[in-house]
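Protein chains in written order, with the working numbering: chain W, 397 to 860; chain A, 474 to 728.
Using N, Cα and C, we set each Cβ at its ideal position, and we do this for glycine too.
Computed from a predicted structure; not experimentally measured.
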Amino acid sequence: MANGSTTTPVKQHWANGLMDWVNDRFPLTALWESQWGKYIAPKNFNFWYYFGSLAAMVLALQIITGIFLTMNYKPDAALAFASVEYIMREVPWGWLIRYLHSTGASAFFVVVYLHMFRGLLYGSYRKPRELTWIFGCLIFLCLMAEGFFGYLLPWGQMSYWGAQVIVNLFAAIPVIGPDLAIWIRGDYVIGDATLNRFFAFHVIAVPLVLIGLVAAHLMALHETGSNNPDGVEIKKQPKDPATGLPLDGIYSHPLYSVKDVFGMTVFLLVFSIIVFFAPEMGGYFLEYNNFIPADPLKTPAHIAPVWYFTPYYSILRATTTELMYVLAAGLVVLVAFYWREIPRKLRPIVLGVAAVLLAGFFLIEAKVWGVVLMGASVLIFFLLPWLDRAPVKSIRYKGPLYKSALAIFVVAFLVLGYLGTEAPTVLFTRIAQVGTLLYFGFFVLMPWYSKIDSYKPEPARVTK
Amino acid sequence: MSRLSRILILAALGLAAAVPAGAAETGWKVDRVEMSLTDKASLQSGARTFVNYCLGCHGAALVRYNALRQIGLSDEQIKDNLMFTAEKVGMPMTSAMSAKDGKEWFGVAPPDLSVIARARGADWLYTYLRTFYRDSASATGWNNALFPNVGMPNVLWRLQGERVLKQEPAMRDGKPVSDGHGGTVMVSKFETLAPGAMTPQQYDETIRDLVAFMVWMGEPNQLQRKQLGVWVLFALTILVFMTYFLYKSYWKNVH
Chain W
397 MANGSTTTPV KQHWANGLMD WVNDRFPLTA LWESQWGKYI APKNFNFWYY
447 FGSLAAMVLA LQIITGIFLT MNYKPDAALA FASVEYIMRE VPWGWLIRYL
497 HSTGASAFFV VVYLHMFRGL LYGSYRKPRE LTWIFGCLIF LCLMAEGFFG
547 YLLPWGQMSY WGAQVIVNLF AAIPVIGPDL AIWIRGDYVI GDATLNRFFA
597 FHVIAVPLVL IGLVAAHLMA LHETGSNNPD GVEIKKQPKD PATGLPLDGI
647 YSHPLYSVKD VFGMTVFLLV FSIIVFFAPE MGGYFLEYNN FIPADPLKTP
697 AHIAPVWYFT PYYSILRATT TELMYVLAAG LVVLVAFYWR EIPRKLRPIV
747 LGVAAVLLAG FFLIEAKVWG VVLMGASVLI FFLLPWLDRA PVKSIRYKGP
797 LYKSALAIFV VAFLVLGYLG TEAPTVLFTR IAQVGTLLYF GFFVLMPWYS
847 KIDSYKPEPA RVTK
Chain A
474 MSRLSRILIL AALGLAAAVP AGAAETGWKV DRVEMSLTDK ASLQSGARTF
524 VNYCLGCHGA ALVRYNALRQ IGLSDEQIKD NLMFTAEKVG MPMTSAMSAK
574 DGKEWFGVAP PDLSVIARAR GADWLYTYLR TFYRDSASAT GWNNALFPNV
624 GMPNVLWRLQ GERVLKQEPA MRDGKPVSDG HGGTVMVSKF ETLAPGAMTP
674 QQYDETIRDL VAFMVWMGEP NQLQRKQLGV WVLFALTILV FMTYFLYKSY
724 WKNVH
């Protein structure tokens, strides 16, 4: 204005004005850019890196379909079974919403198992991503709780007796067990009170925790940056002078956005084949016996949990009195084997814990230890960041020991999963016991085999 | 895609293909039923058999009479020919017999049949309804080869006739088959005491229609589900190609 000339003010688009208005009051753009918009990721993600975004999509699908199911479902022992069939028959598009939800439950576990397997392949749990891994393990626990509570709701025979078997596990705990089981059920048997509280946990309590944990999982990931199939830390790389990005880094948006959208459509294609053409998935996703209404007086001849719980159920059933001898021997060997590694100060504590465990193995019935082992089989995943002593993260640079251990673990997991769907026989129990030992062997022997394995040097740049 | 991921996907598909057999109480061989849910005449014949022979004791309380419009019947046809237990076509297909009476008369309340086909499977029902035989030791005078000591008598005996179950040695090439322990392998065979109103072939067709109806009743929307599924897969396939080219075009400069 000083020279008297007039300037036409630049007309700002109303949407930008609105964004400025919001950003002055809430860090919306900053949040978007830190979490995704300007997030820098390694450029070499492969097939295994689709499952994180797929899990997020399935979570959204489960929440949205779940809301609509809640509108017509009746959490009442006298009405629940018929209300599910009411949704299937009378509610417009109810059958689709229900199948999306029931198939989504299994799909959730499929993508989460593959997502976790990716972590095992490329050492995604290693420093500095321990908290991302721990939040992920907590998500997995929540998911199991969500699946367990949700499975009671259709109030079929498998819903009822599956819940009965699992709640009765708590009754095996010494001293407080029986009272604890009654407290959980709210009744002497699974009943209306149980159904109501499981409904509350399924539709609000667990999902709230789940969403919080997913936010924490993502924030922790975006703080450390993503791992990749080579285990190269791109943050330590020199910056490309032209772009200012690490040499192997790219903006995840729009590059990984479009890649993940492609992954989602492929997933939806496979998912739709099941939803529209095989929603029961041969009795694995919707068990045949669950089309018989819950009958507290009639125990089914064969009670099998849904497929995603069967590996742990197998471990539970495999824990017989004879396995306790093997476990006791294993514990002694393990302590002796790691003795020189244990810090001197901790040795008395380790000895004490081992002695108490040894006594407990024979004083407390095997059933209780089955429950303990089943819990341990899930919780032991939390320890992975500290069990792995390899100098490299990715399986690409690890040696034959880790590769064999992982292969054996995957086979043991699948075999245990299969055996959990079958009625137990002498042979099957024996196989499940071997499977259980191999399953735990993967974890408890990791400090040893990951130390003595041979390694190739990690490259400075990612490979194709 | 790495070799490992390909192996895992193949393994997952193999697992899905390993479909478990339907729930069977005995080692009795379950026959396969060939039926079609698009055959309206077959479904209507099944509906007729169902209301005449099953609905007296069993309900199908999750199904409304007017749901039968989906198998090609008009409200008038439903009202005039199929409704014995209800006043209005919008009412559920309940049984005239109470569960309490059923428990008293048969030892167990006859189960509701709305979703029985989804619990038992078509092949199981088809076999079960064709394997009743006379058994003087049972309370009803009937027994079943697939489901021994079942509480249900053979309500279709006038159509099927009366049979007994005989044990006889299994024959191969005109000689009894040895069980390897000095005995012979025995097989069960039905023997007709009195023929029914239908030939065995007619009876099998009647049961096939009845089972088709029960399969339809277990999930009345199943045909629409599959029809819609074809379109969904078609649309998603196009979307997969579109998103693939979008992904590749964005990534062409990433090396």
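- In terms of CA proximity to glutamate 481 (chain W), A:Ser587 leads the group A:Leu555, A:Leu629 and A:Ser587.
- The C-beta of valine 562 (chain A) comes no closer than 8 Å to any C-beta of chain W.
- Rounded to whole angstroms, the gap between the alpha carbons of leucine 534 (chain W) and isoleucine 562 (chain W) is 20 Å.
- Secondary structure note for tryptophan 557 (chain W): its alpha helix (DSSP H) is the uninterrupted segment 553-567.
- The count of Cβ pairs closer than 8 Å, one atom from the segment 664-676 of chain W and one from the segment 488-506 of chain W, reaches three, so the stretches are in contact.
- From the beta-carbon of lysine 699 (chain A), the residues of chain W found nearer than 7 Å are Phe672 and Phe673.
- Going by DSSP, serine 648 (chain W) is part of the alpha helix (DSSP H) stretching over 648-673.
- Serine 661 (chain A) sits in a strand when the DSSP states are folded into three classes.
- Where leucine 638 (chain A) is concerned, the enclosing beta strand (DSSP E) starts and stops at 634-642.
- The Cβ-Cβ distance between isoleucine 586 (chain W) and tyrosine 556 (chain W) falls below 8 Å.
- Judged by DSSP in its simplified three-state form, glycine 500 (chain W) adopts helix.
- Non-local beta-carbon contacts of glycine 575 (chain A) in its own chain, meaning distances under 7 Å to residues more than five positions away in sequence, involve Cys530, Ala582 and Pro583 in chain order.
- As a beta-bridge residue in DSSP terms, alanine 437 (chain W) pairs with W:Ile646.
- A check of alpha carbon separations from tyrosine 720 (chain A) across W:Leu742, W:Leu606 and W:Pro650 identifies W:Pro650 as the nearest.
- Contact residues of the segment 820-837 of chain W toward chain A are absent (C-beta to C-beta distance below 9 Å).
- In this structure the segment 435-451 of chain W touches the segment 508-517 of chain W; the number of beta carbon pairs closer than 8 Å is three or more.
- In this structure, DSSP gives tyrosine 469 (chain W) a state outside helix and strand, which the three-state scheme calls coil.
- Under the three-state reduction of DSSP, tyrosine 851 (chain W) is assigned to coil, being neither helix nor strand.
- If you ignore the 5 residues before and after isoleucine 776 (chain W), its C-beta comes within less than 6 Å of the C-beta of Phe839, all in its own chain and listed in chain order.
- Contact note: tryptophan 689 (chain A) does not reach chain W at a C-beta cutoff of 8 Å; the least C-beta distance is about 12 Å.
- Of the residues W:Leu693, W:Val702, W:Ser668 and W:Phe667, the one whose Cα lies closest to the Cα of tyrosine 684 (chain W) is W:Val702.
- Within the segment 570-598 of chain A, contact with chain W at the beta-carbon level (separation under 8 Å) is assigned to Pro584, Asp585, Ser587, Val588, Ile589, Arg591, Ala592, Arg593 and Gly594.
- Closer than 8 Å to the CB of threonine 710 (chain A) there is at least one CB belonging to chain W.
- Judged by their CB atoms, valine 610 (chain W) and leucine 455 (chain W) are nearer to each other than the 8 Å cut-off.
- Around the beta-carbon of glycine 640 (chain W), fewer than 16 other beta-carbon atoms lie within 10 Å, marking it exposed.
- No Cβ-Cβ contact shorter than 8 Å links asparagine 468 (chain W) with aspartate 626 (chain W).
- Secondary structure note for valine 746 (chain W): its alpha helix (DSSP H) is the uninterrupted segment 743-759.
- Taking the Cβ atoms as the reference, alanine 786 (chain W) lies roughly 7 Å from tyrosine 798 (chain W), within the contact range of under 8 Å.
- Within chain W, the residues whose beta carbon sits less than 9 Å from that of tyrosine 723 (chain A) are Pro650, Leu651, Ser653, Val654 and Lys655, listed in sequence order.
- Within 8 Å of the CB of serine 668 (chain W), the CB atoms of chain A belong to Gly702, Val705, Leu706 and Leu709, in sequence order along the chain.
- Here tyrosine 835 (chain W) has Ala808 as same chain residues with Cβ atoms under 6 Å from its own Cβ, once five neighbours each way along the sequence are excluded.
- DSSP places tyrosine 606 (chain A) within a strand segment (E or B) once states are collapsed to three.
- For alanine 533 (chain A), the pairing in a beta bridge is given by DSSP as A:Met566.
- Residues of chain A with a Cβ closer than 8 Å to the Cβ of valine 662 (chain W) are, in chain order, Val713.
- Against chain W, a Cβ distance below 7 Å from valine 503 (chain A) picks out nothing, because the smallest value is about 13 Å.
- Asparagine 694 (chain A) belongs to the set of residues whose beta carbon lies under 8 Å from a beta carbon in chain W.
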